[in-house]
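Numbers 7 to 381, taken from this note's numbering, label the letters of the sequence shown in order.
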Amino acid sequence: MALFEPLRVGAFALKHRVVMAPLTRYRAAAHEAGDESVPTAIMATYYGQRASSGGLIVSEASPICPEGRPNIAAPAIYTRLHVERWRAVTDAVHAKGGFIVQQLWHVGGSSHSLFDPKGRAPPSSASFQMEGNPVNTPEGPKPRQVTRMLSTDEVQELIQQYVDAAKRAIEAGFDGVEIHGANGYILDQFINDQINNQRTDQYGGSLENRIRLPVEVAAAVAAAIGADRTGIRFSPYGSFQGMKDSNPVATWSALLEKLNPLELAYVHLVEPRIAGGWDATVAPDADVINLKPFREVYRGVLIVAGGHTAESGAAAVGNGQADAVAYGRYFISNPDLPARIQHGHAFTPYNRATFYTPDGVGYTDYKTWNEEHQA
Numbered sequence: 007m008a009l010f011e012p013l014r015v016g017a018f019a020l021k022h023r024v025v026m027a028p029l030t031r032y033r034a035a036a037h038e039a040g041d042e043s044v045p046t047a048i049m050a051t052y053y054g055q056r057a058s059s060g061g062l063i064v065s066e067a068s069p070i071c072p073e074g075r076p077n078i079a080a081p082a083i084y085t086r087l088h089v090e091r092w093r094a095v096t097d098a099v100h101a102k103g104g105f106i107v108q109q110l111w112h113v114g115g116s117s118h119s120l121f122d123p124k125g126r127a128p129p130s131s132a133s134f135q136m137e138g139n140p141v142n143t144p145e146g147p148k149p150r151q152v153t154r155m156l157s158t159d160e161v162q163e164l165i166q167q168y169v170d171a172a173k174r175a176i177e178a179g180f181d182g183v184e185i186h187g188a189n190g191y192i193l194d195q196f197i198n199d200q201i202n203n204q205r206t207d208q209y210g211g212s213l214e215n216r217i218r219l220p221v222e223v224a225a226a227v228a229a230a231i232g233a234d235r236t237g238i239r240f241s242p243y244g245s246f247q248g249m250k251d252s253n254p255v256a257t258w259s260a261l262l263e264k265l266n267p268l269e270l271a272y273v274h275l276v277e278p279r280i281a282g283g284w285d286a287t288v289a290p291d292a293d294v295i296n297l298k299p300f301r302e303v304y305r306g307v308l309i310v311a312g313g314h315t316a317e318s319g320a321a322a323v324g325n326g327q328a329d330a331v332a333y334g335r336y337f338i339s340n341p342d343l344p345a346r347i348q349h350g351h352a353f354t355p356y357n358r359a360t361f362y363t364p365d366g367v368g369y370t371d372y373k374t375w376n377e378e379h380q381a
């Protein structure tokens, strides 16, 4: 089966192509030891359960700064304690012979002024009313706010925050990082022309300007920790949180062309049938709207994600549309997902009601196929 052929992904020699997608689970401690958004011991158990020899895990999205958070329970990577607590997670994955990269997250306009140490409105490419559910702040759920447009100097500071977070990730034992450029978060807010429509500096207006920030972030992170340890994720057709671009094929094709010379470890693309953590309300016609144009442009390793089954994932790799396939929700309920796919075993259904709850129920209590079928 194509999914179980080895693959070189930058610095990583994978034994199979079943990747664990980044999955927000909100199991961090909101407050601990005078810090905030702190990774917890149960997270090490969770990731260790899902690690496999030669397999790649992308961690849940991890905020790179206080004002980049969307939730008090999102495990972050901007303090010394964060680095120390993440080490238990990376150690657990490495003990199983697996690889793990940390997804670096800044939610931009999806944050709230209560997360900002200076009390400022959530930052973005422009000033607009952010769409979405209430934000889980230190003072409880609060409505989304009108964003503030970052200055050109602040954009440079943002790039440095990504670099600093990438260095911390390596210090915490991660094998690399994945820059989160998808799902309506800050880099996506710069890319989409219906959102980034107010700037007059080098980060707004033309297509070349709108894609400049993600390219500069990727280049800066690659220079800091190595291109072979740097990946980046996009959702070209994503509408989550009100994102909209007038020509996704042209926009993300130009972006991927700019990334080609960087020789990153990989690019990770979300299928158009997915909107954030949900299936798209209206599934697009796969014969018309798909990831094929981007495969033709990008010359490096391409990982795709979005509602794949064992069969569709094998087909995507087998027909050359992807080099590897990332699975999300079924990795939650099947800690041994690669083995289940390889041996043709049925998947345990997932329970969406426990995706974001604060304990081990629906988190560390799912069994492997062998555990389910012990005599």
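The beta-carbon is built from N, C-alpha and C at its ideal position, and this holds for glycine as well.
Predicted model, so just to flag it, every value in this text is computed and none were measured.
By the neighbour-count definition (other C-beta atoms within 10 Å, threshold 16), residue 108 is a buried residue.
Under DSSP, residue 183 takes part in a beta bridge, and its partners are 108, 236. Using a C-beta cut-off of 8 Å, the stretch 109-123 makes contact with the stretch 62-70, since at least three inter-stretch Cβ pairs fall below that distance.
When C-alpha distances from residue 295 are compared across 306, 272, 268, 254, the shortest belongs to 254.
Excluding five sequence positions before and after residue 345, the CB atoms of its chain that fall closer than 8 Å to its own CB belong to 58, 351, 374, 375, given in chain order.
For the set 331, 252, 32, the Cα lying nearest the Cα of residue 76 is the one of 32.
Within the stretch 229-274, the complete beta strand (DSSP E) runs of at least 3 residues fall at 236-240.
Around the beta-carbon of residue 207, fewer than 16 other beta-carbon atoms lie within 10 Å, marking it exposed. When DSSP reads this structure, residue 333 sits in a beta bridge with 26. Relative to residue 267, the option among 275, 298, 126, 303 whose CA is nearest is 303. Per DSSP, reduced to three states, the secondary structure at residue 220 is helical.
Spatial neighbours of residue 95 in its own chain (CB-CB distance under 6 Å, excluding positions within 5 residues in sequence) are listed in chain order as 49, 50, 53. At the C-beta level, residue 161 and residue 227 stay beyond 8 Å of one another. Of all C-beta pairs linking the stretch 83-95 to the stretch 143-158, fewer than three are shorter than 8 Å, placing the two stretches out of contact.
In terms of Cβ geometry, residue 224 and residue 201 do not form a close pair [threshold 8 Å]. Of the residues 348, 354, 379, 380, the one whose Cα lies closest to the Cα of residue 368 is 354. Each of 231, 197, 135 was checked against the Cα of residue 176, and the nearest Cα belongs to 231.
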